[in-house]
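Peer 1:
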Amino acid sequence: MSSNPEEHGERQLAERLNQQLRFTQEIINAIPTPVFYKDRVGHYIGCNRAFEQFFGLTQHELINRSIRGINPMQPHELHERMDRECLATNQPCRYEARLINVEGKTFDVIVTKAPYLADKGKSGGVVGTFTDITERKQSEIMFQQMQGQIVQQEKMASIGQLAAGVAHEINNPMGFITSNLTSLGKYADRLDEYIAALQQSIYGCEKHPGLEELDKLRQKLKVDYIISDIRELVNESLDGANRVRRIVQDLKSFSRVDQAECCRTNLNEALETTINIAWNELKYIATLDKKFGDIPEIVCYPQQLNQVFLNLLVNSAQAMEKLGNITVCTWRDEESVFVSVADTGKGMTEDVTKRIFDPFFTTKEAGKGTGLGLSISADIVRKHGGEISVKSEVGVGTTFTVRLPVNSLLQQQAAS
Amino acid sequence: MEKELVTILCVDDEPNILAALKRILRDYFNVLTATNVEDGAQILKINPDIELVLSDHHMPGVSGFDLLTWCHTNYPHIVRIALTGYPDSDQMRLALRSGLVRQIISKPWDDEQIINSIKTALRHTGDAS
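Each protein sequence line maps, in turn, to chains G and H. Each residue of the first sequence is one higher than the one before, starting from 1 at the first, in our numbering. Each residue of the second sequence is one higher than the one before, starting from 417 at the first, in our numbering.
Right, here's the structure in full:
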């Protein structure tokens, strides 16, 4: 071993530098948060162990490649833009993003990046870390969804109360209007009989004084016409009064404030009620066909299922760009009862149908609709032990199908 | 001699409802009316031949239930029928079960039905012990 003091000194220096380098690298590697660093043009120079584990890559596979080059599934514009911003402003930045590892698993993360200096004070590139907030985000979404549901349920409850109160107020006068119209009809019949008898008596007597005047008066007052019209007038008015009575009954039935509990329900009847309630939304934009099968009663919360059916009907109507058709079918098999609502509206793309039951997802413009309807409907159906599914074709239409078990979950729960 | 009509009392805070009831019932019964419980009680005191009371329950002031209860205590032979917009309420079910009322008629009523109900209810008073 040559022991040149200069060489020995250099070797010691190199050794110390290596130690220092290894130390620094080990520190970076030991950091439990993924760390990475890139050059000025966005190519990776290196990363730590946590980064490798997160993405399922080795540092070796990373070096000199850009995001695009590593994982084509990973959206890259945002990251590249933030790289450029960091370098341009010479400031750290922090943003939220979605990352996909090589297995295709997605994570919500918060990324922090900062520019670093290379030799001679020139800008070297960007170093960054990110924190996995996937779970936190999911909790946030669930919390918001629950809040949304609570608000919605409270709204429905107070609307139900209001509806019941209004229904009662309308029922009272409708009661005596109908009764009085019937009485009026009977009175008219009797007057008719009397007038006929009078006329027979008067006209039977040729020399009856004032016959001519009476005749003129009868013509002027259009008595013949009135007598023939009274019956119809009364009947048409009774018709109107009955329609009001029925819609009030439907409203009470729909809101079921008096019966927000579980009970045996015939879904065909529930659908009839809900269709009547929704009719004002539907009648101008769609024709409605009902194909109700022979289905058994099921134990359920009719108030909640009515909400689901109303949601589907209103969505169908709103999907129409021109006059279309909505068909409601019910049928059963051995274990389940099915309800489908099919429309000839504009339909949805596959991307949309995949997300249609997500809370807060909506295709309606800002301010219209909360996007809560279908997610709550799906939730209600699930709580009944059933499921809701959708099939759609753009330009053709959409069909939602609700399946509910005949031997309902609620029934089983009640029995246990 | 003309058969005398049975006398009945109708109580409801809405005069229009009383007028409508009177119209359809006057061919079959002698109809007395009151718009509140105090007047109704007064009429009961001075008309011993009243055989049936038809009363709304939801009224401002003293409720129809109180009138029916008072009637049950003081004139147990009088048939009591409740007229109500909430036939399915717990209160109503209890009233029926406890015998406070013989029957419940819901609003809006059907003319034929109300006439038959009253006739039937009166026919059974002879059997009641």
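For each residue, glycine too, the CB sits at the ideal point set by N, CA and C. Only a predicted model underlies this, so the values are computations on that prediction, with no experimental measurement involved.
Residues of chain H with a CB under 7 Å from the CB of G/T265: which are they?
Peer 2: Along the first sequence, one-based indexing puts residue 265 of chain G at 265. In chain order: nothing, as chain H lies at least about 15 Å away.
Peer 1: What does the alpha-carbon distance come out to for the pair G/L312 and H/E430?
Peer 2: By 1-based counting over the first sequence, the position of residue 312 of chain G is 312. By 1-based counting over the second sequence, the position of residue 430 of chain H is 14. Distance between the alpha carbons of G/L312 and H/E430: 41 Å.
Peer 1: Would you verify that the beta carbon of H/I424 is, or is not, closer than 9 Å to some beta carbon of chain G?
Peer 2: Within the second sequence, numbered from 1, the residue matching residue 424 of chain H stands at position 8. It does not; no Cβ of chain G falls within 9 Å.
Peer 1: Taking Cβ-Cβ distances shorter than 7 Å, what residues in chain H pair up with G/N171?
Peer 2: If you number the first sequence from 1, residue 171 of chain G lands on position 171. Chain H residues near G/N171: G501, K523 and P524.
Peer 1: State the Cα-Cα distance for the pair H/I530 and H/L499, rounded to the nearest angstrom.
Peer 2: Residue 530 of chain H sits at position 114 when you count from the first residue of the second sequence. Residue 499 of chain H sits at position 83 when you count from the first residue of the second sequence. Using only the alpha carbons, I get a separation of about 10 Å.
Peer 1: Using the Cβ count rule (16 or more neighbours within 10 Å means buried), how would you classify G/G69?
Peer 2: Reading the first sequence from its first residue, position 69 is the one you call residue 69 of chain G. The residue in question, G/G69, is exposed, as its Cβ has fewer than 16 Cβ neighbours within 10 Å.
Peer 1: Below 8 Å, is the gap between the Cβ of G/R231 and the nearest heavy atom of the ligand SAH?
Peer 2: Although the ligand SAH was asked about, the structure shown includes no ligands whatsoever.
Peer 1: Considering only their Cβ atoms, is the gap separating H/L516 from H/R496 smaller than 9 Å?
Peer 2: Indexing the second sequence from 1 puts residue 496 of chain H at position 80. Indexing the second sequence from 1 puts residue 516 of chain H at position 100. For H/R496 and H/L516, yes; Cβs fall inside 9 Å.
Peer 1: For G/M174, which residues in chain H fall below 7 Å Cβ to Cβ?
Peer 2: Position 174 of the first sequence, counted from the start, is the residue given in the question as residue 174 of chain G. The contacting residues are P524.
Peer 1: To test your reading of the DSSP string, which unbroken beta strand (DSSP E) runs of 3 or more residues are found completely within the region 282 to 317 of chain G?
Peer 2: You should have 286 to 292 and 298 to 300.
Peer 1: By Cβ distance, which residues of its chain are closer than 6 Å to G/S375, with the 5 residues on each side in sequence left out?
Peer 2: Counting from one through the first sequence, the residue named residue 375 of chain G turns up at place 375. For G/S375, where only same-chain residues beyond five positions count, the Cβ hits under 6 Å are F357 and P359.
Peer 1: Put G/T344 into one of helix, strand or coil per three-state DSSP.
Peer 2: Counted from its first residue, the first sequence places residue 344 of chain G at position 344. Looking at G/T344 - three-state DSSP - the assignment turns out to be coil, as it is neither helix nor strand.
Peer 1: Measuring CB atoms only, is the region 205 to 215 of chain G touching the region 143 to 151 of chain G, in the sense that at least three cross pairs come out at less than 8 Å?
Peer 2: Result no; under three Cβ-Cβ pairs closer than 8 Å.
Peer 1: Go to G/Q200, then tell me how far its alpha helix (DSSP H) extends in each direction, as first and last residue.
Peer 2: Working through the first sequence from its first residue, we reach residue 200 of chain G at position 200. Segment T134 to G204, the alpha helix (DSSP H) holding G/Q200.
Peer 1: Is H/N532 close to chain G? Criterion is C-beta to C-beta, closer than 9 Å.
Peer 2: Here residue 532 of chain H is taken as the residue at index 116 of the second sequence, counted from 1. Not closer than 9 Å to any Cβ of chain G, the Cβ of H/N532 fails to qualify, so no.
Peer 1: Assuming G/R65 contacts G/H43 under a Cβ cut-off of 8 Å, what Cβ separation, rounded to an integer in Å, is found between them?
Peer 2: Indexing the first sequence from 1 puts residue 65 of chain G at position 65. Indexing the first sequence from 1 puts residue 43 of chain G at position 43. About 6 Å separates the two Cβ atoms, so the contact holds.
Peer 1: How about the region 294 to 305 of chain G and the region 330 to 337 of chain G: do they share at least three Cβ pairs that are nearer than 8 Å?
Peer 2: The region 294 to 305 of chain G, when compared against the region 330 to 337 of chain G, does touch it at the 8 Å Cβ threshold.
Peer 1: List the DSSP bridge partners of H/T500.
Peer 2: For the purposes of this step, residue 500 of chain H is identified with residue 84 of the second sequence, where counting begins at 1. Answer is H/S522, bridged to H/T500.
Peer 1: Quick one: using the 10 Å Cβ neighbour count with 16 as the cut-off for buried, is G/F130 buried or exposed?
Peer 2: In the first sequence, counting from the first residue as 1, residue 130 of chain G sits at position 130. Result: buried.
Peer 1: Over the uninterrupted alpha helix (DSSP H) stretch that includes G/R403, give me the two end residues.
Peer 2: On the first sequence, residue 403 of chain G is found 403 positions in, with the first residue counted as 1. Segment G397 to P405 is the beta strand (DSSP E) holding G/R403; no alpha helix (DSSP H) there.
Peer 1: Alpha carbon to alpha carbon, how far is G/S228 from G/E193?
Peer 2: Locating residue 228 of chain G in the first sequence gives position 228, where the first residue counts as 1. Locating residue 193 of chain G in the first sequence gives position 193, where the first residue counts as 1. In a straight line, the C-alpha of G/S228 is about 12 Å away from that of G/E193.
Peer 1: Answer yes or no: do G/L379 and G/Q149 have a C-beta to C-beta separation smaller than 9 Å?
Peer 2: Within the first sequence, numbered from 1, the residue matching residue 379 of chain G stands at position 379. Within the first sequence, numbered from 1, the residue matching residue 149 of chain G stands at position 149. It is worth fixing the name first, because residue 379 of chain G is Asp in this sequence and not Leu. The answer is yes: Cβ separation under 9 Å.
Peer 1: Where does G/G121 sit, in a helix, a strand or coil, going by DSSP?
Peer 2: Mapped onto the first sequence, residue 121 of chain G falls at position 121. In this structure, G/G121 counts as helix in the three-state DSSP scheme.
Peer 1: Check whether the region 464 to 481 of chain H touches the region 424 to 441 of chain H, counting contact only when three or more Cβ pairs, one atom from each stretch, lie closer than 8 Å.
Peer 2: Flag = yes, the region 464 to 481 of chain H and the region 424 to 441 of chain H touch.
Peer 1: Could you tell me which chain H residues have their CB closer than 9 Å to the CB of G/H168, listed as they occur along the chain?
Peer 2: Working through the first sequence from its first residue, we reach residue 168 of chain G at position 168. Ordered by position in chain H, the residues that pass the 9 Å Cβ test against G/H168 are H474, G501, Y502 and K523.
Peer 1: In this structure, does DSSP put G/N18 in helix, strand or coil?
Peer 2: Locating residue 18 of chain G in the first sequence gives position 18, counting from the first residue. Here G/N18 sits in helix by DSSP.
Peer 1: Pick from G/L214, G/A157, G/S392 and G/E52: whose alpha carbon is nearest that of G/E103?
Peer 2: Here residue 103 of chain G refers to the residue found at position 103 when the first sequence is read from its first residue. Out of G/L214, G/A157, G/S392 and G/E52, G/E52 has the C-alpha closest to the C-alpha of G/E103.
Peer 1: Helix, strand or coil: how does DSSP classify H/A544 here?
Peer 2: Counting from one through the second sequence, the residue named residue 544 of chain H turns up at place 128. Caution is warranted here: a pLDDT of 42 is assigned to H/A544, below 50, making its placement in the model unreliable, and the coordinate value is therefore given only provisionally. Reduced to three states, the DSSP call for H/A544 is coil.
Peer 1: Where does G/Q19 land, buried or exposed, given buried means 16+ other C-beta within 10 angstroms?
Peer 2: One-based indexing of the first sequence puts residue 19 of chain G at position 19. With fewer than 16 Cβ atoms within 10 Å of its Cβ, G/Q19 is classed as exposed.
Peer 1: Just reading off the alpha helix (DSSP H) that G/L214 is part of, what are its end residues?
Peer 2: Position 214 of the first sequence holds residue 214 of chain G. Start and end: L211 to K220.
Peer 1: Go ahead and label H/H493 buried or exposed: buried means 16 or more other beta carbons lie within 10 angstroms of its beta carbon, across all protein chains shown.
Peer 2: On the second sequence, residue 493 of chain H is found 77 positions in, with the first residue counted as 1. The residue in question, H/H493, is exposed, as its Cβ has fewer than 16 Cβ neighbours within 10 Å.
Peer 1: What does G/T182 touch in chain H if you count any residue whose Cβ is under 8 Å from its own?
Peer 2: Residue mapping note: residue 182 of chain G aligns to position 182 of the first sequence, counting from 1. Near G/T182 (Cβ distances below 8 Å), the residues of chain H are I440 and D527.
Peer 1: Among G/E10, G/N90 and G/T398, which has the Cα closest to the Cα of G/G121?
Peer 2: In the first sequence, counting from the first residue as 1, residue 121 of chain G sits at position 121. The option with the nearest alpha carbon to G/G121 is G/N90.
Peer 1: Terminal residues of the continuous alpha helix (DSSP H) containing H/L484?
Peer 2: Counting from one through the second sequence, the residue named residue 484 of chain H turns up at place 68. Here the alpha helix (DSSP H) through H/L484 covers G480 to N490.
Peer 1: Would you report the Cα separation of G/S316 and H/D526, rounded to the nearest angstrom?
Peer 2: For the purposes of this step, residue 316 of chain G is taken as the residue at position 316 of the first sequence. For the purposes of this step, residue 526 of chain H is taken as the residue at position 110 of the second sequence. Straight-line Cα distance between these residues: approximately 38 Å.
Peer 1: Hey, how far is the Cα of H/A537 from the Cα of H/G501?
Peer 2: Counting from one through the second sequence, the residue named residue 537 of chain H turns up at place 121. Counting from one through the second sequence, the residue named residue 501 of chain H turns up at place 85. When rounded, the distance between both Cα atoms is 20 Å.
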